[in-house]
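A.B. asks:
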Amino acid sequence: MSAPQIVFDDVSKFYGDVLGVNRVTLNIPPGITSLVGPNGSGKTTLMNLIAGLIRPDRGTVRVRGISPEDPEHLMRVLGYATQYDAAPRGMTGLDFVAMALMLHGMSESDANKHAWQALDRVNLTDAAKRKVGAYSKGMRQRVRLAQALAHEPDVLVLDEPLNGLDPLVRAETIASFREYADQGRHVLLSSHVLQEVDVFSDQVILIANGAIMAEGEIRSVRDEIKEHPSQYLLRCRDTARVAALLFGEVDVNEVKVLEDGSGLLVMTRNRDGLASALAGIALSGIEIDGVIPADENVDALYEYLIGGGR
Amino acid sequence: MAVYKRGYQRYEGGRTSHWNRILVMPRFSWQRLMGMKVTIVVLAVSMVWPLMCAAFIYVANHAELWQGLGGGGLSNFLSIDGRFFEVFMNAQAVFATILAAIAGPGLIAPDLANNALPLYFSRPLTRSDYILSRLIVLLGMLSLVTLAPALLLFVMQVGLAGWDWLAGHWIYAWGVFGGFALWIALVSVVAMACSAYVKWRVIAGALVLGFFTVLSGAASMINAVFRVDWGRAINPAMAMNQIWRTMMAMEPLDGPTAVECAVVMCSMGVVLLLALSRKLRPVEVVK
Amino acid sequence: MAAVIEIDQLSVTLGRREVLHSISCRLGASGEGKAIGLLGPNGAGKSTLIQTLLGFHQPSSGRASILGLDCHKQSREVKERIGYMPETDSFIANMTAVAFLRLMGEISGLPVEAALEKAHEVLFHVGLGEARYRAIGTYSLGMKQMAKLAQAIIHGPELVILDEPTNGLDPAARKRMLKLIREMKEDHKMNVILCSHLLRDVEETCDEVVILNEGLVVHQCDLEAERRMNRRFVELEVQGDDTRLGPALAGLGASGVCEGLGRWRIVLPAEIEIGALWQVAAGQRLLVRKLTHRRDTLEEIFLKAVGHLRATPGEAGTVGAEVATHGGV
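Residue numbers (the working numbering), protein chains in the order written: chain H, 7 to 316; chain L, 202 to 488; chain S, -4 to 324.
1. List, in chain order, every chain S residue whose beta-carbon is nearer than 9 Å to that of Y298/H.
2. Which residues mark the beginning and the end of the alpha helix (DSSP H) in which P242/S is found?
3. Going by DSSP, name the residue or residues bridged to A87/H.
4. Straight-line CA distance for L162/H to R191/H?
5. Any residues in the region 41 to 53 of chain H with a beta carbon nearer than 9 Å to a beta carbon of chain S? Which ones, in chain order?
6. Spell out the partners DSSP gives W259/S in its beta bridges.
7. Select from I372/L, F355/L, G470/L the residue whose C-alpha is nearest the C-alpha of W544/L.
8. By DSSP's criteria, E181/S is part of a beta bridge. Which residues make up the other side?
9. Could you name the residues of the same chain whose beta carbon sits closer than 7 Å to that of R58/S, not counting the 5 residues immediately before and after it, in chain order?
10. Looking only at its chain, what residues have a beta carbon closer than 7 Å to the beta carbon of I435/L, apart from the 5 residues adjacent to it on each side?
11. Check this for me: beta carbons of L280/H and R228/H, under 8 Å apart or not?
12. Fully enclosed by the region 249 to 297 of chain H, which alpha helix (DSSP H) runs are 4 residues long or longer?
13. Kindly list the residues whose CB is nearer than 8 Å to the CB of S478/L, restricted to its own chain and excluding five residues on each side of it in sequence; keep chain order.
14. Note down, in chain order, each residue of its chain lying with its Cβ closer than 8 Å to the Cβ of N186/S, except the 5 sequence neighbours on either side.
15. Just checking: is the beta-carbon of P36/S within a distance shorter than 8 Å of some beta-carbon in chain H?
16. Can you look up A217/H in the DSSP assignment and give me helix, strand or coil?
17. List the residues of chain S that Y308/H touches, going by C-beta distances under 7 Å, in chain order.
18. Taking 8 Å as the cut-off, decide whether the C-beta atoms of I213/H and G48/H are in contact.
19. If L189/S sits next to L231/S, beta carbons under 8 Å apart, how far is it from one beta carbon to the other, in whole angstroms?
20. Does the region 100 to 120 of chain S come close enough to the region 34 to 45 of chain S to have 3 or more Cβ pairs within less than 8 Å?
21. If you reduce the DSSP assignment to three classes, tell me which class V155/S lands in.
22. Could you tell me the alpha carbon to alpha carbon distance between G144/H and T179/H, rounded to whole angstroms?
23. For D278/H, would you say it is in contact with chain S, using Cβ-to-Cβ distances shorter than 8 Å as the test?
24. Would you say G406/L lies against chain S (beta-carbon separation less than 8 Å)?
25. Of the residues M290/L, L308/L, V249/L, which one's Cα is nearest the Cα of G380/L?
26. The alpha helix (DSSP H) with A30/S in it runs from where to where?
27. Identify the residues that DSSP records as bridge partners of T8/S: which are they?
28. With a threshold of 16 other CB atoms inside 10 Å of the CB of Y79/S, please say whether the residue is buried or exposed.
29. Strictly under 8 Å for the Cβ-Cβ distance: is D266/H near chain S by that measure?
30. Does the distance from the CB of V256/H to the CB of A217/H come in under 8 Å?
31. State yes or no: is the beta carbon of K488/L nearer than 8 Å to at least one beta carbon in chain S?
32. Below 7 Å CB to CB, which residues in the same chain sit around P77/H once its five sequence neighbours on both sides are set aside?
33. Could you check what DSSP says for E158/H in three-state terms: helix, strand or coil?
34. I'd like to know if the region 210 to 224 of chain L and the region 220 to 239 of chain H are in contact, where contact means that at least 3 CB-CB pairs between them fall below 8 Å.
35. Out of L195/H, K137/H, Q11/H, N259/H, which one is the CA nearest neighbour of L164/H?
36. Can you list the residues of chain L that R71/S reaches, using a CB-CB cut of under 7 Å?
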């Protein structure tokens, strides 16, 4: 039996005239999935559809086999942290998380116990007894996260969870996501910081203008974009010779000498061929100091598919 | 052919003087206010009473024309004295308040609504500069309906009755100009304080008007309930009236003296200024 | 060479709490047109420091000066020469961008005609050309950030303080913002203080970095110098069966740590050339997908400075040291 998925089947959602998403089909496996796209592209709409906060105008959504039209069942296995910085000011962090748990039907003592565990997970135990109104932005972000995962949901949906967090807390939070996802759960989050997304995501979904531009593992997505040959940055001193050899040995589309003369920019559709050619060149005694794939990352994908924009 | 590389070039010229900079915000505000239809309407309507007063001055100075009509009694009625100016000032004071209720709310509230204060205070502008600039906006506008018509009336009167009249009745000039100055200062401070504390323009405007009407009602209530007469001192309109009468050496009304009224009015002004100043911090410090 | 910013035993108390404890540092000593990164965890005192530089707070002891002028006593002169882009939303909703910039320019001391010219110029420069006659209240978040940047530079300041300039911007807008920041320091020779949580942004644009923690300066370094790479540290990514790469590297005298998915971090001893790595890879029948030299990334410098890291992987003999990074930069 294959792993449980989040499935969108030809889903559209419009708010009157305003576009939410337009004919979206997705199959999201467990793990950390990053949702990437410009503001207003439909990320929040997708998340709200998964959580059942809005209903699609057409198509169906299924979250691990459960329909979002069944909140009784769905909300037991789903946790949602929105990007909006709103929390009841007068409550303490602990009460805030525990209250959500009691809404799930837990007894007060159970709720408190699980709340502590959740707060421990986000490293907020020493501030748990303070009022949420006194929290800094990063702490409010974390307490919302704690509330979302307190009931150990199988699906975590997080809208810009790393926004405004300092680097220490970012790293810790990402580590906790990793731990969570490694237990076979879904962690779906949106982020604008593509370099981070690159490092910690299992899959990525690029969305723009309400439509999915690409989805899947970053490497394989890149493989599928045939319109753009792969770019590599080579650091070498003897640029002319290396360039001549490359042209001879493998089908490269383009070789450009960098302005400062420190190396070459090579474009090719035959990556394995390039790798062997480089090995051959290096072994023959010519120094190749660095090989950097310039576009096997989300940043390049974004650039190709969504563009620099205005 | 020539190719020009034009883009953003860093400004490297001279800077304007301090006073020039204080007048920047007033210029922008005046431009905006004069573009509003309601301002023009109020300014126009507020000229009606001064025109009637001007007619009155003309008639009074040519009393011999009416000799036939009412005899001596009429010339008593048609005298340019403290009473005349008092009536004039009371009317114009009302218009000044209305104008302040229109112009005031848009002054400070937009800066606070979206946290624009750090942008102001990271420039060579202190808090006092800021308050002064905003005050100048109101003082300028309110002078149009108070000091300017007053000046016209005096010019007219002096023109018709001669400089000797002014030499003998300089106390009226002192009362009118000084009195108006006090009134527009108070009204301006009230309007700015309302603008700083209330975001919505209409409500802030209503609050400015309400400040005066509510205090007047409170004054009457105090007088009636406690059977005293000092309630008048907190009624700005009445208090100002008392001050004006004293400035023009007229018979003061019953109740608190001009000095007592002045003290109360000044303290109100100071309190409002302090409250205003508190709201204008570039950065909120959370204790 | 006079430093751009000199802070001398500065202490600042807010309410009853002392937020900055007698800190001292000199920033921007190496010349004009430099970008200085200001980093630190939340609550470290970065905002307080910036606000003190702007003259919003009075130092309880010590002094801070910008371009040789005391931030508190000569506040007016300082403010004539600096620009500030606050972190929070800051704008006047019902003014058009041109009117808003004109106002800000004139308050900064520009004459009326110059303010109008510069308003248009700078709005085009930041990419708001088409929208400049619209009210700022109608702008999207990215556009408002650009308008905030525009008002910070319209009067051609010598120092610009940017507080989280890429906050909330989508990737395209973020790239534009960083490009503008680089142009500010390289083309227009303005000094920049960049306060940001995104270490990647700071790494891309800044020449120096100062790190605050709990009201103290815990680290100050010159990224330029750090970037003159020590070529002994290598990141390698290979395709193929790399199970025996570790021992093969050891045979060379090098030490390598595998991070999974074919990624390796390697420390080469001084005598070994890069060519040797190619040979090892070829010997193991591995294709080289990536080969770069790295020194400490800013993230590692940061984590070490605030005490979460005993030593960075680049330091001698500590390849296997515990690293708390998972997000990477």
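By construction, the Cβ of each residue, glycine as well, lies at the ideal position given by its N, Cα and C atoms.
C.D. replies: Here's the rundown:
1. Looking at the sequence itself, residue 298/H is Ile, so the reference to Tyr does not match. Chain S residues near I298/H: K285, L286, T287.
2. 240 to 247
3. The partner list for A87/H (beta bridge, DSSP) reads L164/H.
4. 8 Å
5. Cβ contacts with chain S come from V42, G43, P44, N45, G46, S47.
6. Beta-bridge partners of W259/S (DSSP): L231/S, C253/S.
7. Beyond the ends of chain L as shown, which are 202 and 488, falls residue 544/L; an answer cannot be given.
8. For E181/S, which the question treats as bridged, DSSP gives no partner whatsoever.
9. D3, L5, D65
10. Correct list, in chain order: L416, A419, A420, V465.
11. no
12. 277 to 289
13. R328, I332
14. V(-1), G23, E27, G28, K29, A30, I31, E153, L154, V155, K180
15. yes
16. strand
17. Within chain S, the residues near Y308/H are P166.
18. yes
19. At roughly 32 Å, the Cβ-Cβ gap does not stay under 8 Å, so L189/S and L231/S are not in contact.
20. By the criterion of at least three beta-carbon pairs nearer than 8 Å, the region 100 to 120 of chain S is not in contact with the region 34 to 45 of chain S.
21. strand
22. 11 Å
23. yes
24. no
25. Ranked by how close their Cα comes to the Cα of G380/L, the residues M290/L, L308/L, V249/L have M290/L in first place.
26. No alpha helix (DSSP H) contains A30/S, which is instead part of the beta strand (DSSP E) from 30 to 34.
27. E13/S
28. buried
29. no
30. no
31. Bear in mind that the predicted position of K488/L carries a pLDDT of just 41, short of 50, making it unreliable; the figure below should be weighed with that in mind. True, the Cβ-Cβ gap to chain S drops below 8 Å.
32. G58
33. coil
34. no
35. L195/H
36. Residues of chain L passing the Cβ test: P325.
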